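Undergrad: In my numbering, the protein residues as written are -9 to 360.
Cβ coordinates follow ideal geometry from the N, Cα and C atoms, glycine included.
A quick note: this is a predicted structure, and the numbers were derived from the prediction, not measured.
#1: Which runs of the beta strand (DSSP E) at least 3 residues long sit entirely within the stretch 139 to 189? Give them in chain order.
#2: Short check: CB of residue 51 to CB of residue 323, under 8 Å?
#3: Could you spell out where the beta strand (DSSP E) holding residue 60 opens and where it closes?
#4: So within the stretch 289 to 319, which uninterrupted beta strand (DSSP E) runs reach at least 3 residues, ignoring any that extend past its ends?
#5: Could you name the residues that DSSP lists as bridge partners for residue 339?
#6: Do residue 148 and residue 200 have their C-beta atoms within less than 8 Å of each other?
#7: Ends of the beta strand (DSSP E) at residue 266?
#8: Is DSSP giving residue 278 helix, strand or coil here?
#9: The beta strand (DSSP E) spanning residue 131 covers which residue range?
#10: Taking buried to mean at least 16 other C-beta atoms within 10 Å of its own C-beta, is residue 221 buried or exposed?
#11: Excluding the 5 residues flanking residue 269 on each side, which residues of the same chain have their C-beta closer than 6 Å to its C-beta?
#12: DSSP three-state label for residue 124, please.
#13: How many angstroms separate the CA atom of residue 211 from the CA atom of residue 187?
#14: Helix, strand or coil for residue 87? Go by DSSP, reduced to three states.
#15: Return the bridge partner residues of residue 46 from the DSSP annotation.
#16: Note down, in chain order, each residue of its chain lying with its Cβ closer than 8 Å to the Cβ of residue 42, except the 5 sequence neighbours on either side.
#17: What are the start and end residues of the beta strand (DSSP E) that includes residue 205?
#18: Return the CA-CA distance between residue 257 and residue 22, expressed in angstroms with no decimal places.
#19: Does DSSP put residue 102 in a helix, in a strand, or in coil?
#20: Would you kindly work out how many angstroms separate the C-alpha atoms of residue 238 and residue 260, rounded to a whole number?
#21: Would you call the CB atoms of residue 282 and residue 267 closer than 8 Å?
#22: Please report the distance separating the alpha-carbon of residue 68 from that of residue 89.
#23: Mind checking whether residue 228 and residue 25 have CB atoms under 8 Å apart?
#24: Between residue 47 and residue 73, is the Cβ-Cβ spacing less than 8 Å?
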């Protein structure tokens, strides 16, 4: 009997170690759930998304509704705006964007959504506008445009300041930029200004995050010449910018990530890079059997300047926005594998540990009217 009792005690003490449950994420680890899928059966990549009037919306984006790209299919840009009043409601049509548009930056600011740049297949755009829900329809208000056209960039709001970094000025992935622009929302006549460029390589599709008083940029793809062709170089470097201190290099990510959902979900001093393309399956053949983008979740701890791997996302996506909503974060639609999108909408919550995982939305500042 003593032997049995001793064995049971040892098992109870060792169980957390055997299971790999250190306790770090018992209440804080992201919990994933599905919301209703958007009405586009194909799904879209590079959509604008945000919250106004308490409702979640997804707007624009691009997809291949006919043939896939390896079959000679043509990418189509969209302007539809869909709204979801609550997690258990049904999506409804709520208007249209000023033009078909995708691959810009969208940030929920106060009761409006700031939509920055993007492209429509013909050209990249410098337009900046706000979407606000009024009487059930989304209204558009144009603000000061970016100094240059920009798509495939990243952005986040740090307090009253909006940051937009990197991207490309024209379609086709010919060249990337490392220029960075800011917009102070505290000014009634807010204008964009340029700050020091990102010290790393010019890049497209990095992920941004707002952590404390710092604007962070990680990963993305440089566009570099190789044998007379422009190819993607998948990046692992990460950077943070703080006014008065400038740019500081952070620890490198454990693996590259291009097009990870952005701006990254932030919890206290942590942010997550979940999904995206790490370049490990570039050129996969046959393309129709591509297994999809890896779901590795990389967590950055700003207090320790430390990256760690924190499991996998249940449905990894690339070129999808991230929206703070309903006490968590929402990742609507996005790219499953090259050329293929999904209409699924996923939500993640950080659990009950409010002190460690106090949610950091994009900004509570009001967007100045013009």
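TA: With the given structure in hand:
#1: 144 to 148, 151 to 157, 167 to 174, 182 to 185
#2: Along the chain shown, read from residue 1 onward, the residue named residue 51 stands at position 61. Along the chain shown, read from residue 1 onward, the residue named residue 323 stands at position 333. Cβ atoms of residue 51 and residue 323: closer than 8 Å.
#3: Numbered from 1 along the chain shown, position 70 holds the residue referred to as residue 60. Per DSSP, residue 60 is not a residue of any beta strand (DSSP E), being assigned neither H nor E.
#4: 296 to 302, 313 to 315
#5: Locating residue 339 in the chain shown gives position 349, counting from the first residue. DSSP lists 21 as partners of residue 339.
#6: Locating residue 148 in the chain shown gives position 158, counting from the first residue. Locating residue 200 in the chain shown gives position 210, counting from the first residue. Yes. Within cutoff.
#7: Here residue 266 is taken as the residue at index 276 of the chain shown, counted from 1. It is not in any beta strand (DSSP E) - residue 266 carries neither H nor E in the DSSP assignment.
#8: As a position in the chain shown, residue 278 is number 288, starting the count at 1. In the structure shown, residue 278 sits in a helix (DSSP, three-state: H, G or I).
#9: The residue you call residue 131 lines up with position 141 of the chain shown. Where residue 131 is concerned, the enclosing beta strand (DSSP E) stretches over 127 to 132.
#10: Taking the first residue of the chain shown as 1, we reach residue 221 at position 231. Its Cβ having fewer than 16 others within 10 Å, residue 221 is exposed.
#11: Here residue 269 corresponds to residue number 279 of the chain shown, with the count starting at 1. Excluding positions up to five away in sequence, the list reads 224, 246.
#12: In the chain shown, the residue the question calls residue 124 occupies position 134. Correct three-state label for residue 124: strand.
#13: Position 221 of the chain shown, counting from 1, holds the residue named residue 211. Position 197 of the chain shown, counting from 1, holds the residue named residue 187. If you take the alpha carbons of residue 211 and residue 187, they lie about 16 Å apart.
#14: Position 97 of the chain shown, counted from the first residue, corresponds to residue 87. Residue 87 carries a coil assignment under DSSP once its states are collapsed to helix, strand and coil.
#15: For the purposes of this step, residue 46 is identified with residue 56 of the chain shown, where counting begins at 1. BP columns for residue 46 point to 41, 74.
#16: Sequence index remark: in the chain shown, residue 42 carries index 52 (1-based). 98, 101, 102, 103, 121, 122, 123, 128.
#17: As a position in the chain shown, residue 205 is number 215, starting the count at 1. Counting along the chain, the beta strand (DSSP E) containing residue 205 begins and ends at 204 to 208.
#18: Taking the chain shown and counting its residues from 1, the one referred to as residue 257 is at position 267. Taking the chain shown and counting its residues from 1, the one referred to as residue 22 is at position 32. So the alpha carbons of these two residues sit roughly 15 Å apart.
#19: In the chain shown, counting from the first residue as 1, residue 102 sits at position 112. Strand.
#20: As a working mapping, residue 238 is identified with position 248 in the chain shown. As a working mapping, residue 260 is identified with position 270 in the chain shown. Rounded to whole angstroms, residue 238 to residue 260 spans 17 Å at the Cα level.
#21: Indexing the chain shown from 1 puts residue 282 at position 292. Indexing the chain shown from 1 puts residue 267 at position 277. Going by C-beta atoms, residue 282 is not nearer than 8 Å to residue 267.
#22: Sequence index remark: in the chain shown, residue 68 carries index 78 (1-based). Sequence index remark: in the chain shown, residue 89 carries index 99 (1-based). Near 8 Å, if we compare the C-alpha coordinates of residue 89 and residue 68.
#23: Working through the chain shown from its first residue, we reach residue 228 at position 238. Working through the chain shown from its first residue, we reach residue 25 at position 35. In this structure, residue 25 does not lie closer than 8 Å to residue 228 by Cβ.
#24: One-based indexing of the chain shown puts residue 47 at position 57. One-based indexing of the chain shown puts residue 73 at position 83. Contact flag set, yes.
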